[in-house]
Amino acid sequence: MLKVGLTGGIGSGKSTVAKIFEVLGVPVYYADDAAKHIMNTDAELREKIISTFGARSYVNNELNRPYIASIVFENTEKLALLNSLTHPATIRDAERWMRQQTSPYVIKEAALIFESGSAENLDYVIGVFSPLPLRIKRIMERDNVTRDEVMKRMSRQIDEDIKMRLCDKVIVNDEQQLVITQVLALHQQLLSMGS
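Note that our numbering gives residue 98 to position 101 of the sequence shown, counting from 1, and the numbers run on in steps of one.
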């Protein structure tokens, strides 16, 4: 089975592309959603988060997201520390999930494929590219945030041009080219590679 990564910067439309693959019957692992779940259910990870960020990290057995956010989103070192705890647990979970699948290929959708080191465990990586002004507009509308807040979020990810150069294939999501056509062509290619 071929293990395929799907990545792109915030606002690129990678989740939309992932949904198209899902409609085609391809199993998709959503790393961000999984990480949120794992942070609540993985006992070893919970202990590490509590010992690193304090007892207030969990309230009623649930991650205290506002508390953690208040610590990490203004401090890149603390964010890197949180990621260093969370990424290995998420990578292990994704590997376990992939072993359970039976399709010719599976997709792991994650913003931080390269940053987390999970690209090393993948056979092929697809990037979703959108022009910066379009990405900013999408995030401002989707999350009801200011341009400055969007730029701050973007500054935490590696440069989009570098990320796309690291990918094996790039889907362009610029509202000029049809994304579905690009996904269908890539789906056929991946099916032949995975069988």
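Note that beta-carbon positions come from the ideal geometry of N, C-alpha and C, so glycine has one too.
The structure displayed is predicted, hence computed values, not measured ones.
If we define contact as Cβ-Cβ less than 9 Å, is MET161 a contact residue for chain B? Note that chain B does not occur in the displayed structure, where there is just one protein chain.
Can you list, in chain order, the residues of its chain with a C-beta nearer than 7 Å to that of GLN98? Leave out the 5 residues immediately preceding and following it. MET(-2), PRO24
First through last residue of the alpha helix (DSSP H) which encompasses GLU138: 129 to 140
Collapsed DSSP secondary structure at ILE68 in the structure displayed: helix
With DSSP as the reference, label ARG176 as helix, strand or coil. Note that residue 176 is Val in the sequence shown, not Arg. When DSSP states are grouped into helix, strand and coil, VAL176 belongs to the helix group.
With a 10 Å radius around its C-beta and 16 neighbouring C-beta atoms as the bar for buried, classify LYS181 as buried or exposed. The question names Lys, yet the displayed sequence has Leu at residue 181. Burial call: exposed.
When you compare only the Cα positions, how much space is there between ILE133 and MET148? 8 Å
Given ILE155, which residues of its chain have a CB within under 8 Å of its CB, disregarding the five upstream and five downstream residues? The residues are PHE111, GLU112.
Identify every run of the alpha helix (DSSP H) within the segment 10 to 80, keeping only runs that are complete inside it and at least 4 residues long; order them along the chain. Qualifying alpha helix (DSSP H) stretches, in chain order: 11 to 20, 28 to 38, 40 to 50, 62 to 69.
With burial defined as no fewer than 16 other Cβ atoms inside 10 Å of the residue's Cβ, what is the status of ASN170: buried or exposed? buried
Rounded straight-line distance, which links the Cα of THR73 to that of ARG153: Rounded to the nearest angstrom, the gap between the Cα atoms of ARG153 and THR73 is 8 Å.
Under a three-way DSSP split, which group does GLY8 fall into? In the three-state DSSP reduction, GLY8 falls in the coil class, being neither helix nor strand.
Here's the rule: buried if 16 or more other CB atoms are within 10 angstroms of the residue's CB, otherwise exposed. What is SER48? exposed
Is DSSP giving LEU119 helix, strand or coil here? coil
Counting C-beta neighbours from all protein chains within 10 Å, is the total for GLY8 16 or more, i.e. buried, or is it exposed? buried
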